[in-house]
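**Q** First the structure, which I've put down as structure tokens, then a few questions once you've had a look.
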Amino acid sequence: MTSKLIKLFSPMTLGGKKNPVHLQHRVIMAPLTRLRTGESGVPTDLVVEYYVQRTTPGGLLIAEATNINPTARGYFGSPGLYTVEQVEGWKKVTSAVHEKGGKIFVQLWHSGRVGHPLNQPDGKSLPVSSSAVGWEDVTSRPVTAEGRHSYVTPRALETDEIPGIVEDYKRAAEYAIEAGFDGVELHGANGYLLEQFLCDSVNCRTDEYGGSIENRARLTLGTLDAVLSKLDSSQVSIRLSPFGSTFGCTDSTPEETYSYLIKKLNPLDLAYLHIVEPRGLHPTGPIQPEGGTTAFSRPLYDGVLMTSSGFDRASGIEVTENGAADCVAYGRPFISNPDLVHRLEVDAPWNTWDFKTFYTPEEGPLSLGLTFTFTSQATSF
Numbered sequence: 001m002t003s004k005l006i007k008l009f010s011p012m013t014l015g016g017k018k019n020p021v022h023l024q025h026r027v028i029m030a031p032l033t034r035l036r037t038g039e040s041g042v043p044t045d046l047v048v049e050y051y052v053q054r055t056t057p058g059g060l061l062i063a064e065a066t067n068i069n070p071t072a073r074g075y076f077g078s079p080g081l082y083t084v085e086q087v088e089g090w091k092k093v094t095s096a097v098h099e100k101g102g103k104i105f106v107q108l109w110h111s112g113r114v115g116h117p118l119n120q121p122d123g124k125s126l127p128v129s130s131s132a133v134g135w136e137d138v139t140s141r142p143v144t145a146e147g148r149h150s151y152v153t154p155r156a157l158e159t160d161e162i163p164g165i166v167e168d169y170k171r172a173a174e175y176a177i178e179a180g181f182d183g184v185e186l187h188g189a190n191g192y193l194l195e196q197f198l199c200d201s202v203n204c205r206t207d208e209y210g211g212s213i214e215n216r217a218r219l220t221l222g223t224l225d226a227v228l229s230k231l232d233s234s235q236v237s238i239r240l241s242p243f244g245s246t247f248g249c250t251d252s253t254p255e256e257t258y259s260y261l262i263k264k265l266n267p268l269d270l271a272y273l274h275i276v277e278p279r280g281l282h283p284t285g286p287i288q289p290e291g292g293t294t295a296f297s298r299p300l301y302d303g304v305l306m307t308s309s310g311f312d313r314a315s316g317i318e319v320t321e322n323g324a325a326d327c328v329a330y331g332r333p334f335i336s337n338p339d340l341v342h343r344l345e346v347d348a349p350w351n352t353w354d355f356k357t358f359y360t361p362e363e364g365p366l367s368l369g370l371t372f373t374f375t376s377q378a379t380s381f
């Protein structure tokens, strides 16, 4: 079987009836937090180089989780989309990616309780969440300008504060298009704010945002509606992790919760739904459907389904050939293999990634872990 007969390397069109994004292959670069933008959250020339190295003609990159406002920041060094300077910094990234023939979305992020007071604008306020619920058995600690510190118990958002969060998502989405992105991905996965409202292990609210599945999904669906009021549906997508337990975020009835939510996405005609398999850096929750998260999601969703987490060449080919997913997002392999698309195409070996360089390096230059050896052959894309 040649690469020309393999679906993973074939063209596709993302969802949305108006101006949908056309791709030359189905290998997507997943959003990867790198923490290289310092206090300002403004992408630098190093960030430009990082994304350009991973661009292929007709390929889609999803830029790293990007804060929607100053209080959304969970980690020092993460970028933002709420100031003019940040928009101008991202313009350099998107322009360079487009010049090389690539497409690029950006993941919009509010970390919620996954943060620390030192990362708040005043350096002392508590991070916010659906409820004032902390968690135990945490193996990681948030990155601050003063090093890593332990997580704290957040404060619950007041009901009248929530519309402001929705407005910030909408404004960040508008800024993203102004910055030249082809679209946005709402981060509704991996234990961050939107998932903190979805999951009943965290959400203990008694207002219209808590209790029933419909109420717990209200913030996610309301945020999508707000963003869609300003952007074409072909410019909007969302990431979900139905059966994970990242940062202690789990649900007691995930099949019911996510069946409801995913079905609600169908009329929205989104660019894609991005599903995270619970493995690797995203641990499995207490409940798992037979066949995995992708197989669970496929019959529920009528649009373009993207899957991610822990895929290699063989499993990426399998999941697209059998129709369980339309495309595959690769994360860690893209960190250590800027030319991953080519390596997958010709079945070349991968460089090994070094977890110590994933985020802001404790020692050495910020460029550490961003540049690697390329394979010699040219990709066909």
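Using UniProt numbering, the first residue of the sequence shown is number 1, and each one after it goes up by one.
Don't be surprised by glycine CBs; every beta carbon is placed ideally from N, CA and C.
Can you pull the DSSP bridge partners for ASN322?
**A** As a position in the sequence shown, residue 322 is number 322, starting the count at 1. None; ASN322 has no bridge partner.
**Q** Spatial neighbours of THR257 within its chain, please: C-beta separation below 6 Å, excluding the five flanking residues on both sides.
**A** Residue numbering aside, residue 257 sits at position 257 when the sequence shown is read from its first letter. Result list for THR257: ILE213 and ASP251, in chain order.
**Q** DSSP has GLU214 in a bridge; who is on the other side?
**A** Taking the sequence shown and counting its residues from 1, the one referred to as residue 214 is at position 214. Looking at the DSSP assignment, GLU214 forms no beta bridge with any residue, so it has no partner.
**Q** Could you name the residues that DSSP lists as bridge partners for TYR272?
**A** Sequence index remark: in the sequence shown, residue 272 carries index 272 (1-based). Paired residue(s): SER237.
**Q** So, ARG54 versus PHE334, is the Cβ gap smaller than 8 Å?
**A** Mapped onto the sequence shown, residue 54 falls at position 54. Mapped onto the sequence shown, residue 334 falls at position 334. In this structure, PHE334 lies closer than 8 Å to ARG54 by Cβ.
**Q** How long is the line joining the alpha carbons of GLY15 and THR246, rounded to whole angstroms?
**A** Reading the sequence shown from its first residue, position 15 is the one you call residue 15. Reading the sequence shown from its first residue, position 246 is the one you call residue 246. Roughly 28 Å between the two C-alpha positions.
**Q** Suppose you measure from the CA of TYR75 to the CA of GLN235; what does that come to, to the nearest Å?
**A** For this step, residue 75 is matched to residue 75 along the sequence shown. For this step, residue 235 is matched to residue 235 along the sequence shown. Computed Cα separation, rounded: 26 Å.
**Q** Do SER241 and ASN190 count as a contact pair if the criterion is CB distance below 8 Å?
**A** As a working mapping, residue 190 is identified with position 190 in the sequence shown. As a working mapping, residue 241 is identified with position 241 in the sequence shown. Yes.
**Q** Less than 7 Å between C-beta atoms, sequence neighbours within five positions excluded: which residues of the same chain meet that for TRP109?
**A** By one-based count along the sequence shown, residue 109 stands at place 109. Hits under 7 Å: ALA65, THR66, ASN67, ILE68, ALA72, HIS187 and TYR192.
**Q** Do TYR209 and ILE177 have their CB atoms nearer than 8 Å?
**A** For the purposes of this step, residue 209 is taken as residue 209 along the sequence shown, with counting starting at 1. For the purposes of this step, residue 177 is taken as residue 177 along the sequence shown, with counting starting at 1. No.
**Q** According to the Cβ coordinates, are TYR82 and PRO70 closer than 8 Å?
**A** Taking the first residue of the sequence shown as position 1, residue 82 is located at position 82. Taking the first residue of the sequence shown as position 1, residue 70 is located at position 70. Result yes, Cβ atoms of TYR82 and PRO70 sit closer than 8 Å.
**Q** Quick check on TRP109: does DSSP put it in helix, strand or coil?
**A** Counted from its first residue, the sequence shown places residue 109 at position 109. TRP109 falls in the strand class under three-state DSSP.
**Q** By how many angstroms is the C-alpha of GLN24 removed from the C-alpha of MET12?
**A** Locating residue 12 in the sequence shown gives position 12, where the first residue counts as 1. Locating residue 24 in the sequence shown gives position 24, where the first residue counts as 1. Those two C-alpha atoms are separated by around 6 Å.
**Q** Tell me whether the beta-carbon of ILE275 lies closer than 8 Å to the beta-carbon of THR293.
**A** By one-based count along the sequence shown, residue 275 stands at place 275. By one-based count along the sequence shown, residue 293 stands at place 293. Contact flag set, yes.
**Q** Quick one: residues in its chain with C-beta nearer than 6 Å to the C-beta of ASN266, no 5 flanking neighbours on either side, listed in chain order?
**A** On the sequence shown, position 266 is the one that residue 266 refers to. The residues are ASP302.
**Q** The beta strand (DSSP E) spanning ILE177 covers which residue range?
**A** Against the sequence shown, residue 177 aligns to sequence position 177. Counting along the chain, ILE177 falls outside any beta strand (DSSP E), though it belongs to the alpha helix (DSSP H) covering 162-178.
**Q** DSSP three-state label for LEU5, please.
**A** Mapped onto the sequence shown, residue 5 falls at position 5. Here LEU5 sits in helix by DSSP.
**Q** Roughly how many angstroms lie between the CA atoms of GLY147 and ARG141, to the nearest whole one?
**A** Position 147 of the sequence shown, counted from the start, is the residue given in the question as residue 147. Position 141 of the sequence shown, counted from the start, is the residue given in the question as residue 141. The alpha-carbon atoms of GLY147 and ARG141 are separated by roughly 9 Å.
**Q** For GLY59, does the three-state DSSP call read helix, strand or coil?
**A** As a working mapping, residue 59 is identified with position 59 in the sequence shown. Looking at GLY59 - three-state DSSP - the assignment turns out to be coil, as it is neither helix nor strand.
**Q** Could you tell me the distance, in whole angstroms, from the CA atom of MET306 to the CA atom of ALA30?
**A** Looking up residue 306 in the sequence shown gives position 306. Looking up residue 30 in the sequence shown gives position 30. Using only the alpha carbons, I get a separation of about 10 Å.
**Q** Evaluate ASN337 with the Cβ neighbour count: other Cβ atoms within 10 Å of its Cβ, from every protein chain shown; 16 or more gives buried, anything less gives exposed.
**A** Here the question's residue 337 lines up with position 337 in the sequence shown. Buried: at least 16 other Cβ atoms inside 10 Å.
**Q** With DSSP as the reference, identify every bridge partner of LYS92, one or two as the case may be.
**A** Taking the first residue of the sequence shown as position 1, residue 92 is located at position 92. Per DSSP, none; premise fails for LYS92.
**Q** Quick one: what's got a C-beta closer than 8 Å to LYS264's C-beta in the same chain, skipping five residues either side?
**A** By 1-based counting over the sequence shown, the position of residue 264 is 264. Once the five neighbours on either side are set aside, the close Cβ partners of LYS264 are ALA217 and LEU221.
**Q** Excluding sequence positions up to five away, which residues of its chain have a Cβ less than 8 Å from the Cβ of VAL152?
**A** If you number the sequence shown from 1, residue 152 lands on position 152. Hits under 8 Å: HIS116, PRO117, LEU126, PRO127 and GLY134.
**Q** Quick one: Cα of ARG343 to Cα of PRO299, how far?
**A** Here residue 343 refers to the residue found at position 343 of the sequence shown. Here residue 299 refers to the residue found at position 299 of the sequence shown. The straight-line gap from Cα to Cα measures roughly 31 Å.
**Q** Going by DSSP, which residues form a beta bridge with PRO228?
**A** Residue numbering aside, residue 228 sits at position 228 when the sequence shown is read from its first letter. Residue 228 is actually Leu in this sequence, not Pro. DSSP output for LEU228 lists no bridge partner at all.
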